[in-house]
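Residue numbers (this note's numbering): 27 to 205.
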Ligand SMILES: [Zn+2]
């Protein structure tokens with residue numbers, strides 16, 4: 027009863043592996059350091075068996091219209107890919123960024139996150155990956171409507187790179203400021 031998820035083994039589901047009862051009780055929950063999985067100690071109220079499950083964390087994204095959808099790393103990667111057309115970005119860089127965004131969001135320990143937060147979480151690593159992709163993505167996600175919006179963003183991006191070049195804290199407000 028082993029499923030694969032994100033390359034990790036997930037043992038069982040939430041069903042009792044002994045009697046297949048599907049409404050088992052959680053006794054203890056432990057979150058992994060990377061935020062991607064949780065280990066749960068469960069007990070079956072029907073047969074009394076105790077067992078441990080390794081589960082992927084479910085994260086719901088709240089969209090602008092108020093509807094919800096499960097977080098999808100593939101969707102994050104597709105969005106960045108679209109902004110990266112004709113740019114020389116490697117496949118593994120997209121994958122790395124997708125994983126980074128997922129870890130960032132899930133490590134926050136919240137069950138629901140707004141699509142705006144997802145956009146912000148994408149912009150941070152994108153800044154280091156490719157300037158043009160960053161600006162394209164920012165222009166869509168932050169609804170740029172004028173040349174000034176671009177200028178402001180470019181200015182912040184330059185400031186960010188300057189600070190990085192001087193070895194200062196990379197975690198600066200350039201992304202956050204734009205709200
Ligand atoms: Zn059972």
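The beta carbon of each residue, even a glycine, is placed where N, CA and C say it ideally should be.
query: Take residue 124 and list the residues in its own chain whose beta-carbon comes closer than 7 Å to its own, dropping the five residues that flank it on each side.; result: 99, 102, 103
query: What separation, rounded to the nearest whole angstrom, lies between the Cα atoms of residue 142 and residue 149?; result: 11 Å
query: Residue 72: beta carbon under 7 Å from a heavy atom of ligand 1?; result: yes
query: For ligand 1, any of its heavy atoms closer than 7 Å to the Cβ of residue 159?; result: no
query: Report the partner residues of residue 77 according to the DSSP bridge assignment.; result: 68
query: Between residue 130 and residue 61, what straight-line distance do the alpha-carbon atoms span, to the nearest angstrom?; result: 8 Å
query: Give me the Cβ distance between residue 170 and residue 176, rounded to the nearest whole Å; I'm assuming they're in contact under 8 Å.; result: 6 Å
query: Along the chain, where does the alpha helix (DSSP H) that runs through residue 151 open and close?; result: 141–155
query: Tell me the DSSP bridge mates of residue 51?; result: 69
query: Go through its chain and collect everything with a Cβ distance to residue 70's Cβ below 6 Å, but skip five positions before and after it.; result: 42, 47, 50
query: Which residue's Cα is closest to the Cα of residue 155: 194, 139, 144, 106?; result: 106
query: Bridge partners of residue 82, per DSSP?; result: 63
query: Have a look at 63, 119, 120 and flag the residue whose alpha-carbon is nearest the alpha-carbon of residue 80.; result: 63
query: Here's the rule I'm using: 16 or more other beta-carbon atoms within 10 Å means buried, otherwise exposed. How should residue 53 be labelled?; result: exposed
query: Are the Cβ atoms of residue 66 and residue 76 separated by less than 8 Å?; result: no
query: Buried or exposed: which applies to residue 146, given that a residue is buried once 16 or more other Cβ atoms fall within 10 Å of its Cβ?; result: buried
query: If we count the other Cβ atoms within 10 Å of its Cβ and call it buried at 16 or more, is residue 27 buried or exposed?; result: Note that residue 27 scores a pLDDT of 39, beneath 50, so its modelled location is shaky; the value from the coordinates is reported in the next line. Result: exposed.
query: Measuring only from the beta carbon, is residue 190 closer than 7 Å to any heavy atom that is part of ligand 1?; result: no
query: In its own chain, which residues sit with a C-beta less than 7 Å from the C-beta of residue 110, not counting the 5 before and 5 after it?; result: 156, 159
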